[in-house]
Every structure is written in structure tokens, then in C-alpha cells.
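To start, the structure itself, in C-alpha cells.
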Amino acid sequence: MKHLKSMTTEEIGQVLKTLGQPSFRAKQIFSWLHKGVKSYDEMTNLPKALRDELAQTYPIHAPEVVRKQISKKDGTIKYLWKLSDGNCVETVLMRYHYGNTVCISTEVGCKMGCAFCASTLGGLVRQLEPFEMLDQVLFTQLDSGLPVSHIVLMGIGEPLDNLTNVLRFLELVNNPEGMNISMRHISLSTCGLVPKIDALGDQKLQISLAISLHGPNNEIRNRIMPVNKAYPIEQLLPACRRYYAKTSRRIHFEYAMIDGLNDSVQNAKELLALLKGLPSHVNLIPLNHVEESPLKPSTKSAVAAFQKTLEDGGVTATVRRTLGSDIDASCGQLRRKYTKERTENG
Ligand code: SAH
0 MKHLKSMTTE
10 EIGQVLKTLG
20 QPSFRAKQIF
30 SWLHKGVKSY
40 DEMTNLPKAL
50 RDELAQTYPI
60 HAPEVVRKQI
70 SKKDGTIKYL
80 WKLSDGNCVE
90 TVLMRYHYGN
100 TVCISTEVGC
110 KMGCAFCAST
120 LGGLVRQLEP
130 FEMLDQVLFT
140 QLDSGLPVSH
150 IVLMGIGEPL
160 DNLTNVLRFL
170 ELVNNPEGMN
180 ISMRHISLST
190 CGLVPKIDAL
200 GDQKLQISLA
210 ISLHGPNNEI
220 RNRIMPVNKA
230 YPIEQLLPAC
240 RRYYAKTSRR
250 IHFEYAMIDG
260 LNDSVQNAKE
270 LLALLKGLPS
280 HVNLIPLNHV
290 EESPLKPSTK
300 SAVAAFQKTL
310 EDGGVTATVR
320 RTLGSDIDAS
330 CGQLRRKYTK
340 ERTENG
């Protein structure tokens with residue numbers, strides 16, 4: 000099934016050519032689709048016959064809001080969307096001083112199997128189409144009335160497991176005729192698929208790359224991230240260095256602090272050794288407890304000692320503020336809850 004909303008203006012132009020239509024209409028259609036119209040009848044500058052023809056061959060899909068939760072603490076908004084095939088994904092809008100950031104999902108479910116993550120519990124259902132990622136940004140902005148300036152690909156799914164569609168999404172959302180969001184305002188997070196990190200680096204995009212590291216050695220990483228068996232640290236870190244060499248973009252490392260597992264000062268020292276000479280930034284994230292998991296967040300003092308060790312060693316480290324903790328806002332928790340409720344209620 001082809002979707003005009005996943006196509007570039009040039010590709011829409013090709014479609015129009017086969018319909019005997021002038022190519023200037025491609026720009027009009029692209030612009031309408033990226034404004035979030037839900038029907039061709041809203042495209043008032045297109046001839047009626049063309050609107051009808053397109054509606055037959057290229058139906059416009061838009062996600063429906065299944066649940067919307069607004070944090071009373073910090074205004075974070077979480078959406079659970081229903082896609083046209085009935086599958087659900089989550090999007091979170093976070094309000095920072097520098098602008099509104101949406102965290103989007105890139106797949107329905109995930110096959111990476113990280114021990115602490117709710118998104119992977121039901122496995123991978125399918126990859127998202129480019130327009131389904133765009134729609135999350137577009138309809139979050141339209142529904143909330145809040146202009147989106149930043150995007151993070153840190154929702155459900157592994158973006159590098161869906162690289163072709165993700166690259167197209169980036170091109171679409173960056174287009175000045177569309178949402179026009181700067182590549183420098185976009186971050187992509189990966190659990191560490193080495194060949195795909197290289198492929199992404201070859202694109203030389205100005206996006207930020209974030210690596211979900213969560214452990215400074217193979218022993219720890221193997222315990223919580225199955226991907227480490229395929230791409231261990233001695234392959235992952237050189238890939239990060241190659242990425243930096245190609246893009247000159249500092250690498251962000253995410254590190255979920257798990258009580259007694261990866262949070263000792265010794266672990267922080269190992270991490271320092273690993274990052275030596277690589278321009279990087281470490282985000283320390285106190286683990287968000289997932290019901291199904293025995294893992295617990297680190298204590299405040301362990302987080303502070305870890306951060307201090309990194310800073311003393313010359314690596315900048317921030318402790319991520321937990322936003323939306325009252326609304327199940329971390330990775331896959333809302334979709335998981337919704338699916339479970341539906342299963343339990345038949
Ligand atoms: N698959 C990608 C992006 C999605 S997850 C990746 O692995 O990077 C976004 C971030 O949230 C990742 O760093 C992930 O490891 C982290 N995360 C998942 N579950 C978490 C939890 N329960 N507590 C803290 N961080 C979590």
C-alpha cells in the first residue's frame with residue numbers, strides 16, 4: 000500500500016504524471032498533507048475530479064487519540080494513538096525551556112529485549128511507515144495546540160531496526176514545505192546496532208545520536224541488553240568514534256541507573272575509560288520501575304556519586320529530570336497497560 004504522505008514532492012509528482020496531472024500540484028498536495036488534512040476535500044485548490052481520484056487510490060490515514068494523559072506536575076502530555084490497522088503507539092510531548100519536544104515511537108513493539116524496558120515485553124509487531132512517524136509529530140502539535148520544535152526518537156521501538164523508514168521520516172519532517180524541523184533539533188536513540196550506526200553516519204546528518212549504553216562493560220551489558228551479544232562494547236565504541244569522525248557531532252550516552260547493577264563508582268571509572276578521547280555527554284536516568292521487572296532505580300546518593308566521578312574525569316553528565324512520572328510516561332508503559340486491560344477484560 001502506497002501512502003502519499005510518505006512520499007517526497009518528486010515522488011508525488013511522478014504519481015500525478017501517471018494521472019495526467021501537472022507536476023505543480025505535487026507541492027500543493029505535499030503542503031496539505033503536512034498540515035494534517037484528513038480528507039482530499041479539504042484540498043480546496045485541487046480540482047474535484049482529482050480529489051475524488053486520489054481518495055480512491057491513496058486514502059489519507061490519520062491516527063486517532065485512544066488515550067490522552069496530562070501530567071499535573073509538569074504539563075507533559077502523553078498520547079496513545081490508534082493507527083489505521085488498529086495497532087497502538089505512544090507519543091509524549093515534553094515542555095522544556097528551549098521548546099516543546101515530542102518523543103515518538105518508530106515501531107509497534109520492539110524485538111531488542113532489554114530487561115528493563117516495557118516496550119519490548121510483547122515483542123515486535125511491525126515497523127512504522129514514515130508517515131506514521133510524521134503523524135505523531137503533526138497530530139500532537141494539532142491536538143495540543145503547542146508548536147513542536149524538537150523531536151526525539153526515543154519512544155517505542157528501535158529506530159535503527161527501521162532505518163529506511165526513519166531516514167525518509169527525517170527528510171519529510173525537515174522539509175521547509177512541511178513541518179520544517181531542523182535536523183539539529185532531532186535526536187535518535189539506539190540500543191547499539193553497529194552496522195546501522197555506520198549506515199546512519201554515512202548520511203552525515205546533523206541530528207544527535209544517542210547510544211543506550213547502560214553498562215560500562217560486556218558483563219553488565221550482557222545481563223540487561225541482549226543486543227550486546229551481537230555487538231559487544233569493543234565493536235560499539237569504535238562505531239561511535241567512526242560516527243563522530245563522519246559527523247563531528249558529540250555522542251550522547253544514555254545510562255539508566257539500576258540499583259546495585261551498574262551504579263558503583265568503579266562502574267563510573269570504567270565508563271570514563273571507555274569514553275576517553277571521544278566528545279561525549281552522559282545522560283544519567285534513574286531507572287523507571289516497570290511492574291514486570293525486578294530491577295530497581297539507584298539511590299539518589301549513588302546517582303550523585305556516579306555523576307561526580309564522571310564530571311571529575313572530564314565527562315559532562317546530567318541527571319535527567321523525570322517528566323510525566325504520574326502518567327506512565329516512560330517507554331511503552333501506557334501501551335502495555337492498555338493492551339493488558341483489553342486482554343483482561345476480554
Ligand atoms: N530503542 C532505542 C530507543 C527507545 S528507548 C534505544 O534503545 O535507545 C529510549 C531510552 O529509554 C533508551 O535509552 C532506553 O534504554 C531507555 N529506557 C527504557 N526503559 C527504561 C526504564 N524502565 N527506565 C529508564 N530508561 C529506560
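Residue numbers (numbering that gives the first Met the number 0): 0 to 345.
Just so you know, even glycine gets a beta-carbon here, dropped at the ideal spot from N, CA and C.
Beta-carbon contacts of residue i that lie in its chain and below 8 Å, excluding the five residues immediately before and after
i, result
"S30", "E176 and G177"
"M42", "Q27, I28, W31, V36 and R50"
"I180", "V136, V147, S148, H149, I150, V172 and N173"
"H184", "G98, S148, H149 and I150"
Identity of the residue in the options nearest residue i by Cα
i, options, result
"P285", "S300, I257 and P293", "I257"
"D160", "K195, P46, S186 and Y254", "K195"
"R334", "A54, K77 and Y57", "K77"
"N221", "N99, F115 and G74", "F115"
"H213", "H184, A255, L235 and I206", "A255"
"T75", "L82, A54 and T100", "T100"
"E63", "T90, K299 and D311", "T90"
"L3", "F130, V65 and S83", "F130"
"S5", "N282, G276 and M132", "M132"
Start-to-end residues for the alpha helix (DSSP H) that takes in residue i
i, result
"T105", "Note, T105: premise wrong, no alpha helix (DSSP H); not H, not E."
"Q306", "K299 to D311"
"R167", "L162 to N173"
"V193", "V193 to D201"
"L49", "K47 to T56"
"I11", "T8 to T17"
"N217", "N217 to I223"
Straight-line gap, residue i to residue j (C-alpha atoms, nearest Å)
i, j, result
"P225", "I59", "38 Å"
"D262", "A238", "24 Å"
"W80", "P293", "29 Å"
"H33", "H149", "17 Å"
"A198", "L204", "11 Å"
"K16", "N227", "48 Å"
"K67", "G191", "31 Å"
"L120", "I223", "13 Å"
"K347", "Q202", "This structure leaves residue 347 out entirely; the chain is present only between 0 and 345."
"S118", "V289", "10 Å"
"S247", "G200", "10 Å"
"L260", "E52", "59 Å"
"S186", "N44", "36 Å"
"F168", "L273", "32 Å"
"E351", "S211", "This structure cannot speak to residue 351, because the chain is shown only from 0 to 345."
"N122", "L18", "Here residue 122 is Gly; the residue named in the question, Asn, does not match the sequence. Their backbone Cα atoms lie some 41 Å apart in a straight line."
"Q126", "L162", "10 Å"
Residue range of the beta strand (DSSP E) that includes residue i
i, result
"K77", "I76 to K81"
"V289", "Segment: none, V289 is in no beta strand (DSSP E) and carries neither H nor E."
"V64", "E63 to I69"
"E89", "C87 to Y95"
"S207", "S207 to S211"
"Q126", "L123 to Q126"
"M256", "I250 to M256"
"I185", "I185 to T189"
"T317", "T315 to V318"
"I150", "V147 to L152"
Chain-order list of residues whose beta-carbon lies under 6 Å from that of residue i (same chain, five-residue window excluded)
i, result
"M153", "C102 and S188"
"L270", "P215"
"G12", "S22 and A25"
"A61", "K37"
"K295", "D258"
"N266", "P215"
"I206", "M182, I185 and L187"
Close-in-space but distant-in-sequence residues of the same chain around residue i (CB under 7 Å, 5 per side omitted)
i, result
"V124", "N86, V107 and G108"
"A304", "V264"
"R249", "P278, S279 and H280"
"R241", "D197 and G200"
"L141", "G35"
"Q234", "V193"
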